[in-house]
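Take a look at the structure below.
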Amino acid sequence: MKSLHVSTTINGDPVEFICDPDEPLLDVLRNRLHLTGAKEGCGTGDCGACSVTVNGRLVCSCLVLGAEVDGAVITTIEGMADGDQLHPLQRAFIDGAAFQCGVCTPGILVAAKALLEKNPDPTDEEVRYWLAGNLCRCTGYDKIIAAVQVAAAEMRGA
Amino acid sequence: MALDEAKRNFRYVGSRPNRPDGVDKVTGRAQYGADATAPGMLTAVILRSPHAHARIKSIDTSAAEAIPGVRAVITGADFMRSDDDFLRDVQENCMARDVALYDGHAVAAVAATTPAIAKAALRAIVVDYEVLPHVTDVDAAMQPGAPVVLAGRALENVPAGMSENVTHSCEFGHGDLTAGFAKADLVIERSFKTAATHQGYIEPHACLASATADGKADLWCCTQGHFFVRTLCSAMLGMEASQLRVTASEIGGGFGGKTTVFIEPVALALSRKSGRPVKLVMTRDEVFRATGPTISSSMDIKIGMTKDGRITAGEATLRYSGGAFPNATVDMGAQAGFAAYDLEAVRTHGWNVLTNRPKEAAYRAPGAPQAIYAVESVVDELCQKLGLDPLTVRLKNAARKGTLSSYGPTFNEIGLVATLEAAKAHPHYTAPLGPNQGRGLSCGFWFNFGGNTCVSLNINTDGTVGVTEGNPDIGGSRASISLMAAEELGIPYENIRTIVADTNSLGYNDVTDGSRVTFAVGLATIKAARDAINKMKSRAAQVWGIDADAVEWVDGAAVPAGANAGKFPPLTLADIAANSPQTGGPIAGHHEVNVDGAGVSFGVHLVDVEVDPETGFTKILRYTIFQDAGKAVHPDYVEGQMQGGAVQGIGWALNEEYIYGKDGRLQNPGFLDYRIPVASDLPSIETVILEIPNPGHPYGVRGVGETPIVPPLAALANAVSRAAGVRMTELPMSPPRILAALKG
Amino acid sequence: MRYMIAQSAKAASAALAEEPGNARVLAGGTDLLVQMKAGNLRVDLVVDIKKIPGIRSITAEAGGLRIGAAVAGSELGEHAGVCAMGPGVVEAARLIGSTQVQGRCTMVGNLCNGSPAGDSVPALVAAAAVVRVEGPEGSRDCPVLDIPAGPGRTTLKKGEIITSVFLPARPERSGDAYLRFIPRTEMDIAVASAAVNLTLDAGGTVTAARVALGAVAPKVVLVDAAARAIIGTKLDDAALAALAAACEAACTPIDDKRGTIAFRTSTAGVLARRAAQIAYARAGGSK
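Protein chains in written order, with the numbering used here: chain R, 1 to 158; chain E, 1 to 744; chain U, 1 to 287.
Structure, rendered in structure tokens:
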């Protein structure tokens with residue numbers, strides 16, 4: 001397999017990498033770029049722990065090839081805070097105890113941010129359906145939904 | 001250590017501060033099992049049996065070894081063969097030696113320079129299997145003539161003449177059953193089945209092993225108990241415990257499933273053989289096929305009740321299978337089944353049965369949800385048929401202080417009655433229901449454990465404190481431990497940092513299980529803080545030139561015990577710490593203990609459902625949990641345990657199951673078809689925490705983590721049965737099963 | 001494996017035709033990457049079609065809409081024209097996978113994956129949608145109904161790719177709807193599904209209908225008898241019962257981990273009945 005050279009932008013930084021033609025973006029992020037915030041919970045798009053955005057669109061990075069993102073703009077959980085300023089969602093998740101083990105948290109935060117950019121004032125049901133592809137086994141989702149709403153309210157007010 | 005009767009007013013305990021690992025976990029910085037790397041690291045993968053049961057006649061690894069980049073290949077022969085049954089079972093579950101006992105059983109492993117090379121090498125390994133007859137159903141496995149999974153493993157308590165798959169039996173109870181049933185106005189006998197379910201943690205098992213030629217090794221892994229990992233791995237690899245240091249990474253969920261080893265000894269053996277660090281991460285498919293689901297069960301229940309709702313006798317026969325290796329989980333089911341009731345006559349019988357399924361691993365209150373589901377279903381049906389209110393009946397029969405429990409001990413202070421009364425008073429219980437809707441109720445119970453615990457508490461010279469404990473934090477426990485240290489020392493929560501230390505830094509700590517951490521580690525932390533306080537009082541006494549007995553600790557400072565002790569301004573913890581180099585050196589508190597006195601925890605769950613009569617689809621409309629926490633140290637995380645446990649139970653009740661084909665292979669080893677609840681399946685889960693102090697803990701703390709998974713099975717079954725108008729007796733209550741029941 | 005970005009449909013077709021090994025088209029990749037990960041599919045060449053001009057656009061044509069093969073589910077849902085013209089098609093496409101999968105998955109991929117349970121397929125069949133196929137022998141149009149050949153198989157020949165799907169214009173007073181049954185509320189494969197597309201006269205009588213079922217046979221089923229059961233009616237209870245019965249009669253499902261024969265059959269009838277009522281209301285009919 002001949003490796004491919006890919007140029008991309010990740011969290012605002014220009015990034016170049018080489019990858020195998022069949023290598024998922026998730027493996028590139030984790031193993032080649034050491035951006036381990038995105039997690040592999042399943043590798044089949046069923047758990048959402050590897051959520052990132054590519055050109056503004058929420059995707060599972062396990063279902064994207066590294067080769068496909070040449071020229072693309074990618075954001076990951078590592079790019080969510082602004083320097084030492086946490087994003088309102090990040091603060092709301094800590095304040096609201098919206099995670100226990102925390103392994104699904106990066107994916108949920110990335111997905112929730114994508115939701116609030118599209119719909120700043122979602123109903124609980126809309127949040128639940130939007131996040132249906134993000135499995136959490138610890139919390140029963142209750143505090144996650146509440147934290148998203150706290151952050152949404154804060155962002156609407158800001 | 002007894003409850004401090006005086007301790008009722010808490011300053012920090014009961015508050016909801018942010019957890020110390022919060023920022024790491026919302027920024028992606030927290031290091032989980034698969035996030036560790038080491039220079040020169042190899043990648044390992046495992047070859048697994050495609051057969052449910054097969055003799056391994058030979059394994060030819062030569063072609064794999066010849067592939068450039070392959071650095072080590074191992075099989076079961078690379079491990080010590082222990083004389084100890086328990087240890088040998090764990091080892092042979094990590095890698096089969098002579099026989100593959102279930103679909104997914106590991107048979108060989110490869111470490112190579114890249115994942116692609118490692119996978120290519122796996123394909124080059126040739127295993128010659130002789131396929132054997134298999135059995136995956138618990139009832140089928142008990143039949144005489146069933147394929148024998150492991151021969152010669154039956155204990156003496158198994159009567160002669162049974163299938164060799166029956167390895168263990170147990171019996172609990174008291175009183176005269178015959179007389180009890182004779183007093184009943186109605187006796188109901190029902191049989192139930194529950195499917196095996198998986199813990200479903202989102203983080204697959206992962207580890208990084210680095211063994212060196214001098215016999216030392218380091219292991220990083222996601223585990224609920226790294227000290228136990230050290231015990232198991234050092235025994236399997238013939239190492240001394242001192243030479244293996246295990247560090248627990250952040251853990252992405254466990255629920256009991258990460259209380260043992262699967263890949264860790266394999267990675268260590270590969271590292272030893274290759275002389276390189278080796279990383280081994282399971283795929284989700286491997287997690288489902290080869291790590292611990294809970295037991296599958298088949299149960300018979302018989303309960304008698306009078307017209308006015310008094311239970312006269314209860315009997316249960318439980319047949320549990322935890323897969324291909326013996327276990328005694330059925331004991332816990334047999335003990336827990338009737339725990340919520342004050343009964344004159346009760347008897348439970350348990351049988352453990354081997355099947356060609358993966359070895360059971362603990363899953364949140366192991367063994368209890370199944371038995372209590374069956375008992376609570378029959379109690380509900382008795383109430384329905386006798387026209388009685390199910391809550392009133394439970395209150396009438398509830399276990400309370402002084403009750404001789406169904407499993408032997410007499411209960412001390414317990415919270416069941418208070419929990420039931422809270423449920424009865426809650427608006428949920430009397431809210432109106434619409435057509436096709438039903439309300440279900442169930443009690444739940446778990447014993448809780450204490451266990452071996454070791455904590456160090458270091459007073460820093462700037463007046464802050466470091467707590468070092470040895471139990472992986474699976475749900476915010478570092479925050480709770482810091483809160484208890486703050487409470488005891490009288491300094492702010494923010495001035496304390498609690499960490500989980502590696503196996504070289506503390507004495508042995510039992511696994512994070514049995515809902516033991518907040519209770520037992522908390523207790524040891526309180527004791528370690530008191531040890532440090534005593535030392536600080538001595539330092540103050542030394543400064544003041546008075547007797548140490550004449551010093552008291554009040555609000556984070558040493559003060560003279562009274563007018564007779566002398567008149568000195570308080571010396572704060574910070575004062576004493578800053579001055580410690582001049583008064584004798586560093587100050588630290590320690591406590592090492594095998595904790596006793598875990599208080600049992602009862603819970604009651606209420607659920608409303610609507611069943612679509614045309615499709616059998618169940619929608620959960622409302623869910624409320626009532627549980628005795630003893631003392632909720634960090635209420636956010638107590639609520640979180642209650643909500644998370646309930647939702648796991650909801651999944652178990654409605655959709656989760658291990659589905660085996662006729663070929664004995666697992667049909668649904670992925671999150672697509674192993675259907676854990678998603679956010680849109682659920683309503684908000686309301687929680688009501690009750691605090692009936694545990695006499696065995698200074699603050700009254702009870703474990704809360706496991707009880708919440710117990711009631712949902714029967715609560716859902718009772719709600720669905722009432723909504724559908726037909727009694728459901730098999731889990732999961734998937735739509736096809738409900739529709740089939742509706743159509744008769 | 002080699003990865004190729006095709007700059008034109010012809011180039012994609014040629015590369016696929018010339019590859020001696022196993023060649024696959026990559027659009028959203030939400031099925032392809034899963035199959036590659038599972039190790040049951042060894043791929044020699046992947047042809048990424050997303051850079052082909054026009055393949056990600058939606059354009060008006062002859063009163064209908066032409067939807068590029070690489071238009072993702074979420075893009076479809078954001079397109080007011082498609083939502084207005086084929087709400088049943090959009091609701092079907094939007095049911096494929098999670099929000100994350102929606103960012104990538106395509107209706108054409110759903111069709112070419114060949115699963116009998118693909119959500120968008122019955123809705124497209126009910127809408128009488130037609131795909132445009134580019135191949136070594138040129139371009140051709142083909143009804144969606146004729147693409148599936150059985151589980152995991154299509155009638156496309158080596159070197160053929162679908163470049164777009166065309167939703168034909170519909171008369172006034174038309175409505176469509178798609179419903180599926182899954183055990184959870186999201187994230188499952190359909191256990192049974194039904195799409196209904198119908199047209200009413202001014203008095204609310206059904207004048208034309210197409211009823212398609214998913215996950216109840218080796219491939220999508222267009223149930224003419226079900227359509228006949230409601231044409232000429234105002235969707236009264238008897239018509240709905242006849243519709244459901246016709247659908248049940250058309251089912252030839254399997255027992256598997258997702259559902260039983262009895263369950264799939266009975267549920268297909270229920271869903272068809274419910275979908276017909278929604279489509280009827282969307283067409284402006286009232287009861």
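Backbone N, C-alpha and C define an ideal beta-carbon position, used for all residues, glycine too.
The structure presented is a predicted model; accordingly, all values stated were derived computationally and were not measured.
Query - Where Ala398/E falls: helix, strand or coil (DSSP) - result: strand
Query raised in the report: Do we get a CB-CB distance below 8 Å when we pair Gln100/R with the residues of chain E?
Result: yes
Requested in this report: Name, please, each residue of chain R whose Cβ falls closer than 9 Å to the Cβ of Glu250/E.
Outcome: Listed along the chain, the chain R residues whose CB falls inside 9 Å of the CB of Glu250/E are Cys101, Gly102, Val103.
Requested in this report: Could you check the C-alpha separation between Ile5/U and Asp48/U for me, to the nearest Å?
Outcome: 5 Å
Query raised in the report: Looking at the unbroken beta strand (DSSP E) that takes in Cys142/U, where does it start and where does it end?
Result: 138-143
Query raised in the report: Taking the alpha carbon of Leu731/E as the point to measure from, which residue in Thr687/E, Asn327/E, Pro695/E, Glu657/E has its own alpha carbon closest?
Result: Glu657/E
Query raised in the report: Is it the case that the CB of Ile188/E approaches a heavy atom of the ligand ATP more closely than 7 Å?
Result: The ligand ATP is not part of the structure shown, which contains no ligands of any sort.
Report task. Can you give me the Cβ contacts of Gly705/E inside the same chain, cut-off strictly under 6 Å, excluding the 5 residues immediately before and after it? Result -> Ser515, Gln641
Query raised in the report: Is the number of C-beta pairs between the segment 53-62 of chain E and the segment 114-134 of chain E that are closer than 8 Å three or more?
Result: yes
Report task. Quick one: which residues of the segment 12-41 of chain U get their C-beta closer than 7 Å to a C-beta of chain R? List them in chain order. Result -> Hits within the stretch, in order: Gly29, Thr30, Leu33, Val34, Met36, Lys37.
Query raised in the report: Which two residues bound the contiguous beta strand (DSSP E) that contains Pro560/E?
Result: For Pro560/E, the enclosing beta strand (DSSP E) covers residues 557-560.
Requested in this report: With DSSP collapsed to three states, give me the class of Ala38/R.
Outcome: It is coil, neither helix nor strand.
Query raised in the report: Does DSSP put Glu156/E in a helix, a strand or coil?
Result: coil
Query raised in the report: So which residues on chain E does Glu16/R lean against when the C-beta distance must stay under 7 Å?
Result: Ordered by position in chain E, no residue passes the 7 Å Cβ test against Glu16/R, which lies about 20 Å from the chain.
Query - Alpha-carbon to alpha-carbon, Thr260/E and Phe228/E - result: 7 Å
Report task. Check whether the segment 317-326 of chain E touches the segment 137-157 of chain E, taking contact to mean three or more Cβ pairs, one atom from each stretch, closer than 8 Å. Result -> yes
Requested in this report: Ignore the nearest five residues each way along the sequence and tell me which others in Ala418/E's own chain have a CB closer than 8 Å to its CB.
Outcome: Asp628, Leu690, Ile692
Report task. Rounded to whole angstroms, what's the CA-CA distance from Ser242/E to Ala112/E? Just pull it up for me. Result -> 28 Å
Requested in this report: Compute the distance between the beta-carbons of Gly451/E and Val595/E, then report whether it is under 8 Å.
Outcome: yes
Query raised in the report: Is it the case that the Cβ atoms of Ile145/R and Asp121/R are separated by a distance below 8 Å?
Result: no
Query raised in the report: Are Ser3/R and Ile18/R closer than 8 Å when you measure CB to CB?
Result: The answer is yes: Cβ separation under 8 Å.
Query raised in the report: In angstroms, rounded to a whole number, what distance separates the CA positions of Leu122/E and Pro586/E?
Result: If I take the Cα positions, the gap works out to 55 Å.
Query - Contained alpha helix (DSSP H) runs [length at least 4] in the segment 121-204 of chain U, N- to C-terminal order - result: none
Requested in this report: Compare the Cα-Cα distances from Asn55/R to each of Gly103/U, Leu32/U, Arg66/U, Gly68/U and report the closest residue.
Outcome: Gly103/U
Query raised in the report: Using the beta-carbon count (16 or more within 10 Å), is Gln582/E buried or exposed?
Result: exposed
Query raised in the report: Hey, out of Asp285/E, Ser249/E, Leu244/E, whose CA is closest to Ala269/E's CA?
Result: Leu244/E
Query raised in the report: What's the C-alpha gap between Thr461/E and Ala577/E?
Result: 5 Å
Query raised in the report: Of the choices Ile55/U, Val206/U, Ala190/U, whose alpha-carbon is the least far from that of Thr267/U?
Result: Ala190/U
Query raised in the report: To the nearest whole angstrom, what separates the beta carbons of Gly522/E and Ile481/E, a pair I think is in contact under 8 Å?
Result: 6 Å
**Report entry** Beta-bridge partners of Thr188/E, as assigned by DSSP
**Finding:** In the sequence as displayed, the identity of residue 188/E is Ile instead of Thr. Residue pairing by DSSP puts Ile188/E in a beta bridge opposite Ile303/E.
**Report entry** Segment contact, 8 Å Cβ cut-off, at least three pairs: the segment 331-345 of chain E with the segment 167-179 of chain E
**Finding:** yes
Report task. Let me know the secondary structure DSSP gives Leu86/R once reduced to three states. Result -> coil
Query raised in the report: Is Ala548/E near Leu457/E, with beta carbons less than 8 Å apart?
Result: no
**Report entry** Assigned secondary structure, Gly696/E (DSSP; H/G/I helix, E/B strand, else coil)
**Finding:** Collapsing the DSSP output to three states places Gly696/E in coil.
Report task. Going by DSSP, name the residue or residues bridged to Leu4/R. Result -> Cys19/R
Report task. Rounded to whole angstroms, what's the CA-CA distance from Ile459/E to Thr503/E? Just pull it up for me. Result -> 22 Å
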